[in-house]
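Inspection log for the structure reproduced underneath, given as structure tokens.
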Amino acid sequence: MPLPRAPKRIPPLFLVFPVILAAALALGRYAYLQSKALGVQSEQAIRDSNEAVAEQVVSVIEKEIIASDHTLFELIDLSNLKRFTDRWNENVRLSPNVDAVVVLDDKQHILALASRGGREGRFRSLFERRILPALGLSTLAPDQHKHLHADFDGEQVLISFTHRKSAGRDYYIALSVDMANVLGQLLPAELEDLRDTSRFSVVDSSGRIIYGDLLDGHSGFLYEKPFPSTLWRWRLQMAPRNIWQLVSESSRRRAADVVLISFSLLVITAGMLVLLLAVRKQQRASELKSEFIANVSHELKTPLSLIRMFSELIALGRVKNPEAGREYAEIITRESDRLARLIDNVLDFARIERGKAAYDFATGDLAEVVERALDVYRYRLERERMTLSSEIEPGLPPTRLDDNAMTLALLNLLENAVKYAAPGAVRVTLKRAGEMLELSVQDHGPGITEDEQARIFDRFYRAKNARGRGVRGSGIGLSLVKHIAEAHGGRVGVRSLPGQGATFTIAVPIAREALPESEPARPLVSPS
Ligand code: ADP
94 MPLPRAPKRI
104 PPLFLVFPVI
114 LAAALALGRY
124 AYLQSKALGV
134 QSEQAIRDSN
144 EAVAEQVVSV
154 IEKEIIASDH
164 TLFELIDLSN
174 LKRFTDRWNE
184 NVRLSPNVDA
194 VVVLDDKQHI
204 LALASRGGRE
214 GRFRSLFERR
224 ILPALGLSTL
234 APDQHKHLHA
244 DFDGEQVLIS
254 FTHRKSAGRD
264 YYIALSVDMA
274 NVLGQLLPAE
284 LEDLRDTSRF
294 SVVDSSGRII
304 YGDLLDGHSG
314 FLYEKPFPST
324 LWRWRLQMAP
334 RNIWQLVSES
344 SRRRAADVVL
354 ISFSLLVITA
364 GMLVLLLAVR
374 KQQRASELKS
384 EFIANVSHEL
394 KTPLSLIRMF
404 SELIALGRVK
414 NPEAGREYAE
424 IITRESDRLA
434 RLIDNVLDFA
444 RIERGKAAYD
454 FATGDLAEVV
464 ERALDVYRYR
474 LERERMTLSS
484 EIEPGLPPTR
494 LDDNAMTLAL
504 LNLLENAVKY
514 AAPGAVRVTL
524 KRAGEMLELS
534 VQDHGPGITE
544 DEQARIFDRF
554 YRAKNARGRG
564 VRGSGIGLSL
574 VKHIAEAHGG
584 RVGVRSLPGQ
594 GATFTIAVPI
604 AREALPESEP
614 ARPLVSPS
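Following our numbering, the numbering of the sequence shown begins with 94 at its first residue and continues without gaps.
Structural data, given as structure tokens:
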């Protein structure tokens with residue numbers, strides 16, 4: 094009676110696997126997002142520091158211009174404008190920041206004017222014509238301080254002006270800031286030290302570069318800051334100098350992170366898959382082993398009970414006639430042969446499993462071994478209503494072989510032909526194929542489906558045709574044949590179409606000494 098199967102349990106690993114994979118994926122995603130955020134953060138830090146530098150530069154330049162204006166405003170003695178020109182020619186000459194000073198009364202008439210380098214006439218004309226109307230002095234509150242930044246006749250002008258009261262009278266003072274000084278001293282003093290780390294330019298309202306380099310290709314990292322109260326037609330543009338190096342370094346780091354994370358995920362997934370496959374294989378092996386134990390016990394019990402039953406009949410004298418007696422004795426012989434073969438198989442198999450299989454190789458004649466085995470087995474085949482035919486190529490070269498092992502392999506193939514293909518014809522052929530000898534056993538039984546053909550050589554594996562039809566067996570015969578063929582330096586294969594029989598072929602190499610030295614090595618012919 095077949096043993097009841099234990100209910101299938103889902104191994105915890107099959108449940109743990111998706112959880113571990115999900116955790117690894119979540120970890121990978123987290124690491125990726127972190128690395129991305131870090132990249133964004135470091136880019137933002139670069140932007141912030143660039144902005145801070147630009148703001149600082151603009152603020153210092155503004156403060157410097159305003160501070161210098163205040164100092165000069167303070168120097169003007171509105172109560173004594175008579176000596177203004179003498180003193181102010183001197184002041185204007187000495188001060189690097191202004192190139193002209195004008196004092197006006199409440200009617201906006203020029204009371205005094207001093208200009209550097211004898212440009213007085215030209216400056217007065219420009220002031221009266223263009224500058225004065227643009228200042229809007231009538232709206233200027235006392236002590237209010239303003240700037241006019243303009244382009245007059247192609248000339249950049251920065252006028253710093255204020256409204257003062259002295260002895261009850263209103264005065265307006267206007268200073269013309271020296272633009273050559275702004276461009277030649279003020280801007281370089283604040284910007285040139287930054288050249289190593291930053292790129293910068295000062296541009297006017299139409300984008301024309303007034304000072305510095307052309308800044309392009311800095312999208313996302315270019316910061317623009319207008320001068321809010323003095324040079325308000327101009328803007329300072331600033332960008333980090335080695336930005337592409339920084340950006341490419343950060344994206345390289347990010348790419349390395351992505352590669353590393355993907356690789357780790359891949360390793361984890363592959364590791365889990367390998368583990369899963371190993372567990373499945375192990376599980377399958379243990380299932381097969383239990384099946385094997387059940388099969389072998391069954392295989393042992395059947396011949397034993399037959400032997401016992403017929404020997405008892407003989408012992409009790411319950412034999413009707415000598416013919417029946419001979420038949421009983423034949424059954425006993427056949428069943429003990431079967432028992433002996435099964436035990437041989439199991440013992441050899443156990444040796445192979447323990448890695449202790451030892452072969453006794455000697456140079457021999459495979460044809461002789463085959464003929465001897467067929468002689469022994471012919472009778473059994475005939476009893477099973479199988480017709481045996483054999484074709485052995487004459488004069489075959491010797492091979493290195495273990496007689497007993499090779500006989501066991503052939504008997505296993507013949508036994509299978511009996512088990513699966515009886516009644517019918519069995520054909521055994523032995524021939525040379527290149528540097529190999531090929532021994533084939535062909536039957537016309539049910540054959541083996543293509544997907545099972547590779548698996549029938551696995552230990553304990555029994556194909557559907559065996560399991561379904563209740564054919565007795567243990568699933569180790571073909572694995573033994575395979576081991577024996579490989580131990581001989583050869584291999585075993587099967588060629589079969591379901592319903593049209595099967596041909597099993599063992600190919601073993603011809604002994605080296607039997608090959609002529611000059612004979613070129615020929616490719617091995619597949620036995621299947
Ligand atoms: P078993 O003890 O089951 O015969 P084997 O290892 O000898 O174990 O064979 C493995 C399986 O291969 C068998 O269970 C059977 O399904 C299939 N097989 C072997 N030989 C034949 C054959 N000649 N014809 C059809 N199927 C075969």
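Cβ atoms here follow ideal geometry from the backbone N, Cα and C, with glycine treated the same way.
Residues bridged to residue i by DSSP?
i: residue 535; result: 520, 596
i: residue 494; result: 455
i: residue 485; result: 523
i: residue 480; result: 518
i: residue 602; result: 529
i: residue 584; result: 600
i: residue 175; result: According to DSSP, residue 175 bridges with nothing at all.
i: residue 304; result: 295
i: residue 193; result: 208, 269
i: residue 625; result: Examination of residue 625 is not possible in this model, given that the chain is present from 94 through 621 alone.
i: residue 198; result: 264
From what residue to what residue does the beta strand (DSSP E) around residue i run?
i: residue 333; result: 328–333
i: residue 203; result: 203–208
i: residue 317; result: 316–319
i: residue 240; result: 238–245
i: residue 249; result: 248–259
i: residue 293; result: 291–296
i: residue 269; result: 262–270
Given 7 angstroms as the limit, tell me if residue i has its C-beta closer than that to any heavy atom belonging to the ligand ADP.
i: residue 665; result: Residue 665 cannot be examined here, being either before or after the span of the chain that is shown, 94 to 621.
i: residue 524; result: no
i: residue 512; result: yes
i: residue 556; result: yes
i: residue 474; result: no
i: residue 536; result: yes
i: residue 396; result: no
i: residue 591; result: no
i: residue 568; result: yes
i: residue 583; result: no
i: residue 549; result: yes
i: residue 541; result: yes
i: residue 578; result: no
i: residue 378; result: no
i: residue 571; result: yes
i: residue 595; result: yes
i: residue 505; result: yes
i: residue 509; result: yes
i: residue 559; result: yes
Taking the alpha helix (DSSP H) that residue i falls in, what are its first and last residues?
i: residue 362; result: 336–408
i: residue 428; result: 415–446
i: residue 228; result: 225–228
i: residue 544; result: 543–546
i: residue 609; result: Careful: residue 609 lies outside any alpha helix (DSSP H) and carries neither H nor E.
i: residue 216; result: 213–219
i: residue 281; result: 280–284
For a cutoff of 8 angstroms on Cβ pairs, would you count residue i as touching chain D?
i: residue 538; result: Of the chains in the structure shown, none is chain D; there is only one protein chain.
Between residue i and the ligand FAD, is there a pair consisting of the residue's CB and a ligand heavy atom that are separated by less than 7 angstroms?
i: residue 491; result: Ligands in the displayed structure: the ligand ADP; the ligand FAD is not one of them.
Exercise. Between the segment 243–261 and the segment 127–145, do at least 3 Cβ pairs fall closer than 8 angstroms?
Worked result: Taking a cut-off of 8 angstroms on C-beta distances, the segment 243–261 does not touch the segment 127–145, as fewer than three cross pairs fall below it.
For this session: Report yes or no: do the segment 265–274 and the segment 217–234 share at least 3 C-beta pairs separated by less than 8 angstroms?
Result: Yes, the segment 265–274 is in contact with the segment 217–234.
For this session: For the segment 541–557 and the segment 468–478, state whether three or more C-beta atom pairs, one from each stretch, are separated by less than 8 angstroms.
Result: Using a Cβ-Cβ distance cut-off of 8 angstroms, the segment 541–557 and the segment 468–478 are not in contact, since fewer than three pairs of beta carbons, one from each stretch, lie closer than that value.
Exercise. Do the segment 252–259 and the segment 286–296 make contact, defined as three or more Cβ pairs closer than 8 angstroms?
Worked result: The segment 252–259 vs the segment 286–296: no contact.
Exercise. Would you call the segment 279–287 and the segment 149–163 in contact, with 3 or more CB pairs under 8 angstroms?
Worked result: Output reads yes: the segment 149–163 touches the segment 279–287.
Exercise. Taking one C-beta from the segment 362–376 and one from the segment 387–398 each time, how about it: are there three or more such pairs within less than 8 angstroms?
Worked result: They do not touch, by the three-pair rule.
For this session: Determine contact between the segment 474–490 and the segment 434–441, defined as no fewer than three beta-carbon pairs at a distance below 8 angstroms.
Result: When C-beta atoms of the segment 474–490 are compared with those of the segment 434–441, fewer than three pairs fall below 8 angstroms, so the two segments do not count as touching.
Exercise. Three or more beta-carbon pairs under 8 angstroms between the segment 593–601 and the segment 534–543, yes or no?
Worked result: The segment 593–601 makes contact with the segment 534–543: 3 or more CB pairs, one atom from each, lie closer than 8 angstroms.
For this session: State whether the segment 314–329 contacts the segment 233–242, with contact taken as three or more CB pairs (one from each stretch) at a distance under 8 angstroms.
Result: Yes: at least three Cβ pairs fall under 8 angstroms.
Problem set entry | At least three beta-carbon pairs within less than 8 angstroms, the segment 451–463 to the segment 561–574 | No contact exists between the segment 451–463 and the segment 561–574.
For this session: Would you check if there are 3 or more beta carbon pairs closer than 8 angstroms linking the segment 338–353 to the segment 125–142?
Result: Result yes; three or more Cβ-Cβ pairs closer than 8 angstroms.
For this session: Indicate whether the contact test is met: 3 or more Cβ pairs, each with one atom in the segment 507–519 and one in the segment 484–496, closer than 8 angstroms.
Result: They do not touch, by the three-pair rule.
Exercise. Do the segment 298–317 and the segment 192–209 meet, that is, are 3 or more Cβ pairs less than 8 angstroms apart?
Worked result: When C-beta atoms of the segment 298–317 are compared with those of the segment 192–209, fewer than three pairs fall below 8 angstroms, so the two segments do not count as touching.
Problem set entry | Inter-stretch contact at 8 angstroms, needing at least 3 Cβ pairs: the segment 497–508 / the segment 457–464 | With the rule of 3 Cβ pairs closer than 8 angstroms, the segment 497–508 counts as touching the segment 457–464.
For this session: Please confirm if the segment 119–126 is in contact with the segment 336–344, defined as three or more CB-CB distances below 8 angstroms between the two stretches.
Result: Judged by Cβ distances under 8 angstroms, the segment 119–126 makes no contact with the segment 336–344, as fewer than three pairs qualify.
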